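Peer 1:
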Amino acid sequence: MAVEAMCQVAGLQLEDCPGVELRDFNFIKALDMDAGRKSMVEIFTGIQSMIIFSVTSSEKWWKFRVLSVDSDSQATIHMNAAVRLAETTSPRISRTIKLDRSTMQQDAVRVWYDKFTREGLNWGPRFAVMEEVFRDRARAAHVAAATTHLQRGEPFGRYIAHPISIDAMLQTAYVATTAGWVSKLRATVPVAMDSVYVAPPSGLYMDTDRPWCIDTKSESVGFGTMKIDAELFDSSGQVLSCRSRESADESVLRLAGALNLACHQRCNSNILELGSQSQIAEAVRGLLRVGSSFRRYDTYYRGFLADSDLVGKEVFSVTAEEQNSVCSARIPPDKKFDIILVPSVDYWTPALCSRLTPGATVITVGDAPSVIKGTAPSLVTVAGTSGLARKPKADKPPIIVVTRYDKATPLDLQLQKTLQEHFRSVVNIVGLSQVSPATVPDRSFVVSTLEQQQPLLTTINEHELAQLQSITDRVAKIVWIVHGGFIGGEKPDFAPVLGLSRALMLEQPSLQFAVLDVDDERSSASSAAAADTLRNIVHVLDRLIHDPEPDFEFAQRNGNRETVDLPLATARRCKFGIKDPGQIDSIHFVQEEHHPTALQPDDVKISVKSVGMNAKDLYAISDASCSCECAGVVTAAGDNVSEFKAGDRVVAMAPGHFATVERFPHWAVSKLRDEEDFTTTSTIPIVFSTVIYALKHRANLQPGETVLIHSAAGGVGLAAIQYAKHLGAKIFATVGTESKKWFLVEKYGLDPAHIFSSRNSSFLPAIMEATSGQGVDVVLNSLTGDLLRSSFEACADFGRFVEIGKRDILDHGILDMSTFGRNVSFMAFDLSNLYLPTKPTHHQLWKVLLTESLDFVRSKICEPCFPIKTFDASDITDAFRHFSLGTRLGKVTVSFQDPNTKIKVIPTKYETAFSAHKCYLMIGCLGGLGRSLSKWMISSGARRFIFMGRSGTDKPEAQGMVDDLRAQGAHVTVIRGDVCRYEDVERAVAAAADYPIGGVIQDSMALSEALWSEMSHRAWHTTLGPKVRGTWNLHRALSYQPPSELDFFVMTSSISGTVGTATESNYCAANAFLDAFARYRNRLGLPAISIDYGMISEVGYLHEHPDIEALMQRKGIHPIKEDELLQIMNLALGNQEPCTWDARYDHLAGSHLLTDVEFIGLHEQRDRGFEGDNHVFADPRAALFTASFARRRAAAERQHSTTTAAQHLPADIARAVLLRRDQRDPGALLPALRAVVSKKISKSGNISTTLKKT
C-alpha cells in the first residue's frame, strides 16, 4: 500500500517507479477481521508530506499510515511509516547476512509448519512456501536458512515484492528465534521495522524458475522480544529484485480468471483458443503451469475457422522461439475440446458445437450467442450393481500339535489325548520338519509346542523358517505354548513370538494367533501342574473357536491364567521469567537443570546472593531487556581465569541476567573485600558506572559548571548528585514529589530553590530564571516526549545533553534543530552496548567503569544510594511493584541468601541430571534420534559419551554432531563396530577407561520389511540381531562393572512390538524381546526400562521418511514431537527400578513404558468428518480405549441427531430438548408442547382452546 501511495503522489506508474524506501515502520495495533463483529469498519490509507521544521515540510519524505474508523466514528491507527522514492535506480544487492551452511542441519519443513499452526500462525497451503529449512546444528546460534521459489502473482495482480515471498522471510526468521528447538517456537508478530528498501521493477530480473535462498538471524532483546534480520537472494548472491512486465488487456485477464476456475474443475482439459493472433496463451501460461509435471491441461490449441475447417496449431508443445516457425494446419475433425476460449463473439460459428465434448465449457468475452446458451452440458451417471456372496459352511477342521522335534515328548502325548477328549476330534502330532500340506491341511487348528523348552525364533534356521511360514500361510488358528515366564521377567528370548503374532494377525486377518506363556517349571513334568497347563491350553483353543472376540495373549502363573513452590536450596538454577508481559503478578522463576553449554575458558560461574534492581528491570515486565548487577560466591572458573577461584566473594555487572546461578566474563567481575556485604555492594555497579560514563567520559563535566539531573531521587540520580558534588559542579534537579525534594535537601544539602518538578515542563522557565537565561552546561536526561525536548532547550551555549533513556530513540522522536545553532551537543548511550560487542577496548572500558564505581564508594567519595529496600526472593513481585511506585527512593535489591525461602518456580520439563564424571554408552545414537538425545543430555550435565555404530562418523550429520558436542566441552569417543559382535561391545565398554559407565541407551535398529510369508531368513535375523544379540552383549559386557555405578539401561522399543504392524513381523518380534528383557533385568535387581515409542515426527527414522509418516497420520496416529520424546525419556530415566508399590498382579509393570495409544489423531479425524479406524480397537487389551471411543462417537452422533431434529421444532420446544439431561426441567417440555398445540388448534378453527394436564 505504501508503494502504491508513493506512486500516486509522484504521478508514476508502477513500472516507472525508481524504487521506494520506508523507514520507522511501526505496527501499532492489529485490525480485527472477525466477520461476526457487530460494528462496521472502514479502512483508510493516508499519505502526507513529513513536517521537519515548524514552517517547512520535507520535499522527499512522506508520512504514510493505515487507520480504521468504526460505526461510532472512533479512529484507530494501525501502522505508520516514513516513505520516499529512492534517490538512485541502482538496486541494493549486497548481502549482509552470510551464514555458513556447513554448521547447519536440515529439518523437515512440515514439522515447523505443524508447530506454526499449533501456535496460531496458520498460513495455509498458499503461504507455506518454505521448501527446505536449515537451523544451527548445535542449536546454540539463533540463525536459520530456507529455500523458496519466488511468487510472480496471478495475471490479474502485480507486485514488486510478492507478499508471500515476504512471508517466507518472516517464517524463516521465526525459526531463527528458537535456535532450532521446535518446542520453543512461540507465536509472535512483527511490531517494527527500521528500514525497508523495495528495488525498482524496471530493468531487473526476478527468476521464478529456480529456488532462492533465505538467510535470517535473530537476537533476544528481552523476555520474549526478538530482533530479526532476513535476506532473500539467489544462487549468485543477488538479493531479491524483480522485472516489470506489460499488463494484459482487462478482458484477457477476466477470461484468464474464468479459465482458472474451469481448469480447477477439470485439470486434464483439451483447450481451444479461437483467433490467430491472440495473446491469451501467454497470459495464461503461469496459471496452466506449463512445463510442470503437474500442469493443469492436456492439450492447448490456437485456431480459427477457414472454409468450415478448423485450422490451427498446438501451443506450449514447443519452445517460444520455435512457435513462430510452426505453420497452422487442419485440426483433425475428431479432435474435441473441453474448453473453448472465445475472446470475441465474432469468432464463434454453430459449426464449433460439433467440437464440444459432453459437459464442455465455453468462455466468452461479451454476450454469448444464443447457440452457445442453448448448448447445455450433459451429465453422465455411471451406476453399478453389487452383490453378496455367502461363504459355504466349512467342515470341522482338524487339530494338529506341532512339535520342535519329530519325536513327541510325554507332555505332547498328554496334550494330544486331552484335546481329543475335549473336542471329540482326531488330533495328530507333527514334527516341524514333517510339516506339509498333507500333514497340516488348510484351515486346520494348530497347537504349537515349538518353544515349550527352548527358544526357536531367536535362533531359527532357514529350513525351520520356511516350515513355520508354511504353517501360518494355511492354518486358521494357532495356540503357541511358550515357557517364557514373561510376567516375572524370566526368559526374554521367548518374547519375540508376541510381536510376531501381533503382526501376523494384521497381515493375515483370517488367522487367529494366541500365545500362552507358562511360567511354572513343573508344568512340563508328569505332575498335577502339567494337568493345569493342559486344561489351560484347551481353554485357550476353545476360546478361539467359540468366542467372537477372544483374547490372544494369556499367561499361566503358578498354574493360573492371567490376561496379560520449591525451597531455594533445592530449586537448583532458576532464571527470571514472566508469563504475561506487563503483568507483575505473572513474574516467576524458570528452573534450568544445567547451563546449556560448558563453562567457557574466560568465564566465571557465580552463585548469586543479591541482585540490585534498576529501571531496565522494570521494563522487563513489558517484555523489554533486563539489566543486572549482582553479588555472590564463585563456584567455578574457566581455564583462562587466574584472578578468581571457587569460594571468592565477588560483585558482577552484566546485562540480560537475573538468575540464581550465573556466568560472567572475568572482566565483568570484581572481588569483594571482607567487610563488604552482598546486599549493599549489589546496588553499586550499574548506577555509578552509568554516571561516570555519562558525566566523565561523555559530558566531561568540569568544576563550576551547572548540571541538571532529572529524576534525581532514583539510583542514577543519587549517584549523579554525589559525583557532581565531588567535582564541584552546581546542581539543579527534578523530582516527582515534594517528599523526594525534601529528601534531597536533607540528605545531600541541595538548595530547595534548585529542585523542580519532573512531572511537567515547568522546570524549563525555572531553570532559565535561576541561570539568568543562560541554561545549564550539562543535562543528564531520563525524561521522555515533550519533557525531553524542554530539557534540550534548557542547555546553555556549548552545552552537552546526555540521554540515558531509550523511549524517544526507539520511537524515532524529533528534536528542534535550532537548538544546535547554539553549539549544543546531543549524546545518547545504552551502557549495555559496551558489554555486548566483541571489541576488547569496550570490554576494558567496562572493567574500568566497574572498578571506578567500587573505588568511589570504598574511598568514601560517594556512598551507596541509600535508602536500600531489600526484598526476599520469594517476594520478587513485591519488589517490582515497589520499584514502580512514584514515591520510591534510593535502591531496591532482591536477596537470594536464605536457602529456606520458597520461590515461585516453573519446574524444568526434564528432571534428570547426568554426571560429568561418568560415561554414557550410546548404541546406534548417531542418527536423528541420537542427536536429539545427546544434545539434551549435555544440556543436563553429561560430559563424556561413547558412541557405537556400524558406520561410525561416515555420515556428515554424525560427524557434525560429534564436533558440536566436543565444541560444548564434551569428551566424545566413537567406536566403529557392530553391537551384534561381543568383541566390539567389549571395546566400547573398555573405552570408558577410568570412568564408570553411568548409563546405556540401546537404540540400534535395522529394518528389513516384508510380508511374513515372503520374509527371508536373512531379513529375519537382520532385524532381530541388533536388538536381541546386541542387548544380550551389552548386558554381559556390563556385568563386570559394579551394579551400583549404572544409573540407567534404556532400550528404545516400538509400539509395534505391542500392537503389531503389517510387513514388520521381524521388527515387532525384536521389540517384544526388548520389552521382555527390561522385565528380566528388573527381576535381577538391575536398572532397565523399555520405551515403546509411537510415531516420532520431528527426529529419527520417520522424520527422514516423510512418506511413511504421512501414511501413519492418515491412519489417525498422533505424532510424538521431539520435546515430548525427551520428556518421555526423562520419565523413563527416573523409573529404572522394579515397582516399589504393592502391585496386585505385576510388580514389573514399570519396566515397560508404552506411548502413543491415546488415539488423539483418530479423534481429530472423526471430528472433521472422516471415518478413520485403527486395528488396535479390535485388540481385547484395548477394551477400555475401544469403549471410551465408542461412547464419544455415540454421544457426538446423538448430539448431531438431536440438534438436526431440534432445528425443525418451535423455539420453546427446541430449547427444552437441547438441554443436557441433568439440566432439563421435567415440567418444561410438556407446557411447551401444550402451548404449541393450543396455538395450532386456535389458528385452524378460530377457537380459543386451553389444554390442561390430566
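In this text, residue positions in the sequence shown follow full-length UniProt numbering: the first is 1, and each later residue adds one. Glycine is no exception: its CB is placed at the ideal position from the N, C-alpha and C atoms. Model, not experiment: these values are computed from the prediction.
When burial is assigned at 16 or more other CB atoms within 10 Å of the CB, is His-710 buried or exposed?
Peer 2: Counting from one through the sequence shown, the residue named residue 710 turns up at place 710. Classification of His-710: buried, given that the 10 Å Cβ count is 16 or more.
Peer 1: With burial defined as no fewer than 16 other Cβ atoms inside 10 Å of the residue's Cβ, what is the status of Tyr-723: buried or exposed?
Peer 2: Against the sequence shown, residue 723 aligns to sequence position 723. It counts as buried.
Peer 1: Alpha carbon to alpha carbon, how far is Pro-333 from Gly-312?
Peer 2: For the purposes of this step, residue 333 is identified with residue 333 of the sequence shown, where counting begins at 1. For the purposes of this step, residue 312 is identified with residue 312 of the sequence shown, where counting begins at 1. Roughly 12 angstroms between the two C-alpha positions.
Peer 1: Can you tell me the Cα-Cα spacing of Thr-953 and Arg-135, whole angstroms?
Peer 2: As a working mapping, residue 953 is identified with position 953 in the sequence shown. As a working mapping, residue 135 is identified with position 135 in the sequence shown. Using only the alpha carbons, I get a separation of about 20 angstroms.
Peer 1: Classify Met-827: buried if its beta carbon has 16 or more other beta carbons within 10 angstroms, exposed otherwise.
Peer 2: Along the sequence shown, one-based indexing puts residue 827 at 827. That one is exposed.
Peer 1: Just verifying my parser: in three-state terms, what is the DSSP assignment at Pro-163?
Peer 2: Against the sequence shown, residue 163 aligns to sequence position 163. Residue state, collapsed to three classes: helix.
Peer 1: If I'm right that Ala-668 touches Ala-646 with Cβ under 8 angstroms, what's the distance once you round it to whole angstroms?
Peer 2: Position 668 of the sequence shown, counting from 1, holds the residue named residue 668. Position 646 of the sequence shown, counting from 1, holds the residue named residue 646. Ala-668 to Ala-646, Cβ: 18 angstroms. No contact.
Peer 1: Rounding to the nearest angstrom, what Cα-Cα distance links Ser-915 and Thr-851 in this structure?
Peer 2: Here the question's residue 915 lines up with position 915 in the sequence shown. Here the question's residue 851 lines up with position 851 in the sequence shown. Looking at the two C-alpha atoms, the distance is approximately 37 angstroms.
Peer 1: Closer than 6 angstroms by C-beta to Gln-774: which residues in its own chain qualify, once you throw out the five before and the five after it? Chain order, please.
Peer 2: On the sequence shown, position 774 is the one that residue 774 refers to. Around Gln-774: Ala-796.
Peer 1: Are the region 349–365 and the region 424–432 touching by the rule of at least three beta carbon pairs closer than 8 angstroms?
Peer 2: no
Peer 1: Among Val-345, Asp-1092, Val-604 and Lys-184, which residue has its Cα nearest to the Cα of Val-1059?
Peer 2: For the purposes of this step, residue 1059 is identified with residue 1059 of the sequence shown, where counting begins at 1. Here the closest residue by C-alpha is Asp-1092.
Peer 1: Rounded to whole angstroms, what is the Cα-Cα separation between Val-857 and Leu-764?
Peer 2: Counting from 1 along the sequence shown, the entry for residue 857 is found at position 857. Counting from 1 along the sequence shown, the entry for residue 764 is found at position 764. If I take the Cα positions, the gap works out to 33 angstroms.
Peer 1: Fully enclosed by the region 732–805, which alpha helix (DSSP H) runs are 4 residues long or longer?
Peer 2: 738–748, 763–770 and 786–793
Peer 1: With C-beta atoms as the reference, is Ile-331 less than 8 angstroms away from Leu-356?
Peer 2: Position 331 of the sequence shown, counted from the start, is the residue given in the question as residue 331. Position 356 of the sequence shown, counted from the start, is the residue given in the question as residue 356. Ile-331 places its beta carbon 8 angstroms or farther from that of Leu-356.
Peer 1: What first and last residue would you give for the alpha helix (DSSP H) that runs through Arg-881?
Peer 2: As a working note, residue 881 is residue 881 in the sequence shown. Arg-881 -> alpha helix (DSSP H) spans 876–883.
Peer 1: Taking all protein chains shown into account, decide if Asn-823 is buried (16 or more other Cβ within 10 angstroms of its Cβ) or exposed.
Peer 2: In the sequence shown, the residue the question calls residue 823 occupies position 823. Here Asn-823 is exposed, its C-beta having fewer than 16 other C-beta atoms within 10 Å.
Peer 1: In terms of alpha-carbon separation, which member of His-697, Gly-715 and Leu-727 lies closest to Thr-706?
Peer 2: The count along the sequence shown starts at 1 and reaches residue 706 at position 706. Selected option, being the one with the closest Cα: Leu-727.
Peer 1: Buried or exposed for Met-948, going by 16 or more other Cβ atoms inside 10 Å?
Peer 2: Numbered from its first residue, the sequence shown carries residue 948 at position 948. Classification for Met-948: buried.
Peer 1: I need the straight-line Cα distance from Ile-876 to Val-894, nearest angstrom please.
Peer 2: The residue given as residue 876 occupies position 876 in the sequence shown. The residue given as residue 894 occupies position 894 in the sequence shown. About 7 angstroms.
Peer 1: With Val-518 and Gln-556 assumed to form a contact (beta carbons below 8 angstroms), what rounded beta-carbon distance in angstroms separates them?
Peer 2: The residue labelled residue 518 in the question sits at position 518 within the sequence shown. The residue labelled residue 556 in the question sits at position 556 within the sequence shown. The pair is a contact, with the Cβ atoms about 5 angstroms apart (cut-off 8 angstroms).
Peer 1: The alpha helix (DSSP H) with Trp-1032 in it runs from where to where?
Peer 2: Here residue 1032 is taken as the residue at index 1032 of the sequence shown, counted from 1. It spans 1017–1037 - the alpha helix (DSSP H) in which Trp-1032 sits, taken as one unbroken run.
Peer 1: Can you tell me where the beta strand (DSSP E) with Thr-418 in it begins and where it stops?
Peer 2: Locating residue 418 in the sequence shown gives position 418, counting from the first residue. Not the beta strand (DSSP E): Thr-418 falls in the alpha helix (DSSP H), residues 410–423.
Peer 1: Go ahead and pull the three-state DSSP assignment for Ser-195.
Peer 2: Here the question's residue 195 lines up with position 195 in the sequence shown. Ser-195: strand per DSSP, three-state reduction.
Peer 1: Exposed or buried, which one is Glu-131 when buried takes at least 16 other CB atoms within 10 Å?
Peer 2: Against the sequence shown, residue 131 aligns to sequence position 131. Exposed: under 16 other Cβ atoms inside 10 Å.
Peer 1: Taking residue 1302 as part of the alpha helix (DSSP H), name the residues at either end of that continuous run.
Peer 2: Beyond the ends of the chain as shown, which are 1 and 1254, falls residue 1302; an answer cannot be given.
Peer 1: Quick one: grab the DSSP three-state call for Arg-1144.
Peer 2: Mapped onto the sequence shown, residue 1144 falls at position 1144. Any reading at Arg-1144 must be qualified, since the residue scores a pLDDT of 49, below 50, and its modelled position is unreliable; the value itself is stated next. Correct three-state label for Arg-1144: coil.
Peer 1: For Met-922, is the classification buried or exposed, using 16 other Cβ atoms within 10 angstroms of its Cβ as the cut-off for buried?
Peer 2: The residue labelled residue 922 in the question sits at position 922 within the sequence shown. Classification for Met-922: buried.
Peer 1: Can you tell me whether DSSP reads Asp-898 as helix, strand or coil?
Peer 2: Along the sequence shown, read from residue 1 onward, the residue named residue 898 stands at position 898. In the structure shown, Asp-898 sits in coil (DSSP, three-state: anything other than H, G, I, E or B).
Peer 1: Closer than 8 angstroms is the cut-off here; do at least three beta carbon pairs connect the region 159–179 with the region 994–1011?
Peer 2: Segments in contact, no.
Peer 1: Exposed or buried, what is Lys-1121 when buried is set at 16 or more other beta-carbons lying within 10 Å of its beta-carbon?
Peer 2: As a first step, residue 1121 is located in the sequence shown; it is residue number 1121 there, counting from the start. That one is buried.
Peer 1: Terminal residues of the continuous beta strand (DSSP E) containing Val-3?
Peer 2: The sequence position of residue 3 within the sequence shown is 3, counting from 1. Val-3 -> not in any beta strand (DSSP E); alpha helix (DSSP H) instead, spanning 2–10.
Peer 1: Are the beta-carbon atoms of Ile-471 and Val-446 separated by less than 8 angstroms?
Peer 2: Here the question's residue 471 lines up with position 471 in the sequence shown. Here the question's residue 446 lines up with position 446 in the sequence shown. Yes, the Cβ-Cβ distance between Ile-471 and Val-446 is below 8 angstroms.
Peer 1: What residues are listed by DSSP as bridge partners for Lys-869?
Peer 2: For this step, residue 869 is matched to residue 869 along the sequence shown. DSSP output for Lys-869 lists Val-892 as bridge partner(s).
Peer 1: Given 8 angstroms as the limit, is there contact between the region 777–790 and the region 803–815, that is, 3 or more CB pairs closer than that?
Peer 2: The region 777–790, when compared against the region 803–815, does touch it at the 8 angstroms Cβ threshold.
Peer 1: Classify Thr-403: buried if its beta carbon has 16 or more other beta carbons within 10 angstroms, exposed otherwise.
Peer 2: What you label residue 403 is simply residue 403 of the sequence shown in a count that begins at 1. With 16 or more other Cβ atoms within 10 Å, it is buried.
Peer 1: Taking C-beta to C-beta, are Val-191 and Phe-64 nearer than 8 angstroms?
Peer 2: Within the sequence shown, numbered from 1, the residue matching residue 191 stands at position 191. Within the sequence shown, numbered from 1, the residue matching residue 64 stands at position 64. No. Outside cutoff.
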